[in-house]
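Let me begin by presenting the structure, written as structure tokens, before commenting on it.
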Amino acid sequence: MQPTETWQESLQRLLPLYGHRNWIVIADSAYPAQISPGVRTVAGHDDHLAVLRRVLHEIDGARHVRPVITIDSELALMDEADAPGADAFRTQLNTILDGHPVTAKPHDDTIARLDAAGQTFSALVIKTTMAMPYTTVFIELDCGYWDVDAEKRLRAKVEG
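Taken in order, the sequence shown gives residues 5 to 164; the numbers are from my numbering.
In structure tokens form, the structure reads like this:
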């Protein structure tokens with residue numbers, strides 16, 4: 005990221021460079037700044053769901069990548085009494101993510117995967133103004149023009 009670059013400019017600049025194994029993370033305001041060399045954190049100063057919508061729109065419009073989305077499994081277990089607004093957030097998140105494959109995993113497990121990926125690959129973490137725990141959306145990019153089934157068939161030929 006350039007010193008005066010907004011998160012939108014960072015996304016526009018990096019997305020054409022990113023490919024499979026790169027990550028884009030939409031994080032809540034308490035998400036930690038990671039020290040893995042490939043992980044870059046920028047302050048979004050914007051609404052969490054608006055940032056997510058924009059990021060998914062940009063990824064969906066890119067031919068070369070597709071999103072593999074992981075959300076925190078803790079989010080489904082949070083009570084409205086402990087996290088006011090959690091029910092509304094879950095509803096809105098489900099609407100935005102509709103049509104995309106989504107996996108729920110423990111927050112710390114996904115952070116560890118991102119940390120490991122950041123040793124070799126680049127990741128952009130956009131911290132939003134969200135003040136609710138376990139709302140981070142992790143997007144690991146995969147190849148947009150080659151799918152898992154095609155890769156399996158190719159690997160079978162390589163090994164066969």
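Note that the Cβ used here is the ideal one computed from N, Cα and C, for glycine as well.
Notebook entry, point to check: In whole angstroms, what separates the C-alpha of Tyr149 from that of Tyr22?
Noted result: 14 Å
Margin query: Using a Cβ-Cβ cutoff of less than 6 Å, which residues in the same chain neighbour Ile73 once the five nearest sequence positions on both sides are dropped?
Written below: His104, Val106, Ile143
Next item on the list: Using only alpha-carbon positions, find the residue among Val46, Cys147, Asp76, Arg25 that is nearest to Ala121.
Entry: Arg25
Next item on the list: Name the two residues that bound the continuous beta strand (DSSP E) containing Thr74.
Entry: Run containing Thr74: 69-76, per the beta strand (DSSP E) assignment.
Check: Say the cut is 7 Å; is the CB of Ala66 nearer than that to a heavy atom of the ligand GTP?
Finding: Questions concerning the ligand GTP fall outside what the structure shown contains, since it holds no ligand whatsoever.
Checklist line | Counted within 10 angstroms of its Cβ, other Cβ atoms place Thr132 as buried (16 or more) or exposed | finding: When all chains shown are included, Thr132 counts as buried.
Check: Around the C-beta of Pro71, are 16 or more other C-beta atoms found within 10 angstroms, so that it is buried, or is it exposed?
Finding: buried
Check: Are Leu128 and Ile28 close, meaning C-beta to C-beta below 8 Å?
Finding: yes
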